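**Student:** Chains as they are written, first to last, in this note's numbering: chain A, 228 to 346; chain B, 1340 to 1446. Below you'll find the structure I mean.
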Amino acid sequence: QVQLKESGPGLVQPSRTLSLTCTVSGFSLTSYGVSWVRQPPGKGLEWIAAIWSGGSTDYNSALKSRLSISRDTSKSQVLLKMNSLQTEDTAMYFCAREGPGSSGYFDYWGQGVMVTVSS
Amino acid sequence: DIQMTQSPTSLAASVGESVTITCLASEDIYGSLVWYQQKPGKSPQLLIYGATILEDGIPSRFSGSGSDTQYSLKINSLQPEDFASYYCQNGLSTPYTFGAGTKLELK
């Protein structure tokens, strides 16, 4: 069955770089796009970045200068790096699979990984 | 970026009642509207895509409607498990944007 699982450090110091990994199973990264979506505590959802099935990438323009998304298809992993972390980046970070054919909706989500930015 | 304005922010209802949540896009999204349900401590769950298409396994008491810039989610005969937060999402183009959410609470 389709599964996504996020991993990464729970605590990151301000100004440092965050590295998150989304490990997927039950589908191929060359057939489906995967996005990262975050949710600050008690707040709403924010789309961060995507890597499409063909390998091209897309970013939230407000965060683009700090982001990098990539994938390792041999490991079925999508990687997100965000630099210059600030306290406002404290959030639950989810990876999610986009439905078939660049559908614009997310049909499977990981459980999320909580990232706290604090010294 | 396409802005998604969702209302109400919160809503109190009783089991068995029907409720409607609305979502207004800042421009025509041609029916590419998505609804999710999120329970505390859980990841969002896809309910409806393409404004009206019910995801597999979602009960038929959930329905979506709308076009152009105006969309709505209706839940008929509320069940205890329906009390949660609901989000709409622009599925037309990136950056994918979400409404601020509606918290549905038990009256």
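We put the beta carbon where it would ideally sit given N, CA and C, even for glycine. The structure displayed is predicted, hence computed values, not measured ones.
#1: Going by alpha carbons, who is nearest to B:G1370 out of B:T1441, B:A1439 and B:S1432?
#2: Taking 9 Å as the CB-CB limit, is A:N310 close to chain B?
#3: Put A:S345 into one of helix, strand or coil per three-state DSSP.
#4: Run through the DSSP bridge pairs and tell me what B:Y1426 is partnered with.
#5: Using a Cβ cut-off of 8 Å, which residues of the region 267-278 of chain A contact any Cβ in chain B, in chain order?
#6: Could you pull out every residue in the same chain whose Cβ sits closer than 6 Å to the Cβ of A:L294, ignoring the five residues on either side in sequence?
#7: Please go through the same chain and pick out, in chain order, the residues whose beta-carbon is closer than 6 Å to the beta-carbon of A:F321, but skip the five residues on each side of it.
#8: Does any residue of chain B have a CB that is nearer than 9 Å to the CB of A:K263?
#9: In the DSSP assignment, the beta strand (DSSP E) including B:D1367 goes from what residue to what residue?
#10: Within 9 Å of any Cβ in chain A, is that where the Cβ of B:L1437 sits?
#11: Does the region 1389-1407 of chain B come close enough to the region 1356-1370 of chain B to have 3 or more Cβ pairs within less than 8 Å?
#12: If you measure from the beta carbon of B:S1382 to each beta carbon in chain A, is any gap under 9 Å?
#13: From the DSSP output, in three-state form, read off A:D316 for me.
#14: Over the uninterrupted beta strand (DSSP E) stretch that includes A:W274, give me the two end residues.
#15: Looking at C-alpha atoms only, which residue of B:E1394, B:K1381, B:Q1376 and B:P1419 is the closest neighbour of B:F1437?
#16: Would you mind listing the beta strand (DSSP E) stretches within the region 1389-1426 of chain B that are 3+ residues and don't spill past its ends, in chain order?
#17: Helix, strand or coil: which one does DSSP assign to A:K291?
#18: By the DSSP assignment, the beta strand (DSSP E) with A:T284 in it spans what residues?
#19: Could you check the C-alpha separation between B:T1408 and B:A1364 for me, to the nearest Å?
#20: Nearest chain B C-beta to A:S283 closer than 9 Å, yes or no?
#21: Between which two residues does the beta strand (DSSP E) containing B:K1442 stretch?
#22: Counting only beta-carbon separations shorter than 9 Å, does B:P1434 have a partner in chain A?
**Tutor:** In brief:
#1: Closest option to B:G1370, Cα to Cα, is B:S1432.
#2: The beta carbon of A:N310 does not come within 9 Å of any beta carbon belonging to chain B, so the residue lies off that interface.
#3: Here A:S345 carries a coil assignment [DSSP, helix/strand/coil].
#4: According to DSSP, B:Y1426 bridges with B:Y1375.
#5: Those would be G271, L272, E273, W274 and A277, in chain order.
#6: Within the same chain, A:L294 has close Cβ partners A276, Y286 and M309.
#7: Closer than 6 Å at Cβ, skipping near neighbours: V264, W336, G337 and G339.
#8: One detail in the question is off: residue 263 of chain A reads as Trp in this sequence, not Lys. Not one beta carbon of chain B lies nearer than 9 Å to the beta carbon of A:W263.
#9: Here B:D1367 belongs to no beta strand (DSSP E), and DSSP marks it neither H nor E.
#10: The amino acid at residue 1437 of chain B is misidentified as Leu; the sequence shows Phe. So yes, B:F1437 belongs to the interface.
#11: With contact defined as three or more Cβ pairs closer than 8 Å, the region 1389-1407 of chain B and the region 1356-1370 of chain B are in contact.
#12: Flagged as an interface residue toward chain A: B:S1382, by a C-beta distance shorter than 9 Å.
#13: Three-state result, A:D316: helix.
#14: Per DSSP, the unbroken beta strand (DSSP E) holding A:W274 starts and ends at E273 to I278.
#15: Measuring from the Cα of B:F1437, the nearest candidate turns out to be B:Q1376.
#16: Runs of the beta strand (DSSP E) lying entirely within the region 1389-1426 of chain B and spanning at least 3 residues, in chain order: 1401-1406 and 1409-1414.
#17: In the structure shown, A:K291 adopts helical secondary structure according to DSSP, grouped into three states.
#18: Membership of A:T284 in the beta strand (DSSP E) is indicated by the continuous run T284 to Y286.
#19: Put simply, the backbone Cα of B:T1408 is about 5 Å away from that of B:A1364.
#20: Chain B has no Cβ within less than 9 Å of the Cβ of A:S283.
#21: Unbroken beta strand (DSSP E) run through B:K1442: T1441 to L1445.
#22: At least one CB of chain A lies nearer than 9 Å to the CB of B:P1434.
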